[in-house]
Amino acid sequence: MKLAEILAELKAKVLANAHKVDQMQFEHAAASDLMSEVLAIAKPDVILITGLCTPQVVRTAEVVGIPAVIVVRRESLPSETVEMAEVAGIVLAATKMSMFEACGRLYAKGIRPIWEV
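Heads up: the sequence shown runs through residues 35 to 151, numbered per the working numbering.
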């Protein structure tokens with residue numbers, strides 16, 4: 035699914051690296067508020083959905099190779115986080131939706147979890 039379609043489905047606002055949105059496509063997503071869990075389970079080239087809005091989210095995405103992060107339950111993010119994402123080249127977006135609704139909508143549209151049971 036194209037990132038632009040994902041962002042539209044989640045009614046998300048792009049806060050960093052909007053120029054990269056049309057270049058990205060995703061088949062899998064990871065969702066977590068625990069960055070230690072993301073470090074342990076995530077794979078490169080997935081989209082991360084999280085409720086955290088601290089710079090640690092961007093650092094974690096950078097280490098794992100996650101090119102796009104959507105922060106839920108927010109309309110805006112701290113400027114430090116946005117600036118760090120801009121420098122790192124990570125697309126950063128925010129939506130007012132809950133994590134539950136965001137994940138459910140993406141799953142219904144064909145985005146798969148990073149592993150299935």
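Note that the Cβ used here is the ideal one computed from N, Cα and C, for glycine as well.
Expressed to the nearest angstrom, what Euclidean distance is found between the alpha-carbon atoms of residue i and residue j?
i, j, result
"MET58", "GLU109", "22 Å"
"THR88", "ALA76", "18 Å"
"ALA63", "SER70", "16 Å"
Let me check one thing: in DSSP terms, what residues is residue i bridge-paired to?
i, result
"GLN59", "LYS36"
"ARG146", "HIS62"
"ALA76", "Answer by DSSP bridge pairing: none, since ALA76 is not bridged."
By Cβ distance below 8 Å, which residues in the same chain neighbour residue i in space, the five residues on each side in sequence not counted?
i, result
"ILE124", "ALA50, ASN51, VAL92, ALA95, GLU96, ILE100, PRO101, ALA102 and VAL103"
For residue i, does the three-state DSSP call read helix, strand or coil?
i, result
"THR84", "strand"
"ILE100", "coil"
"PRO89", "helix"
"LEU126", "strand"
To which residues of the same chain is residue i closer than 7 Å at the C-beta, ignoring the five residues directly before and after it?
i, result
"LEU44", "ILE104, THR129, MET131, ALA136 and ARG139"
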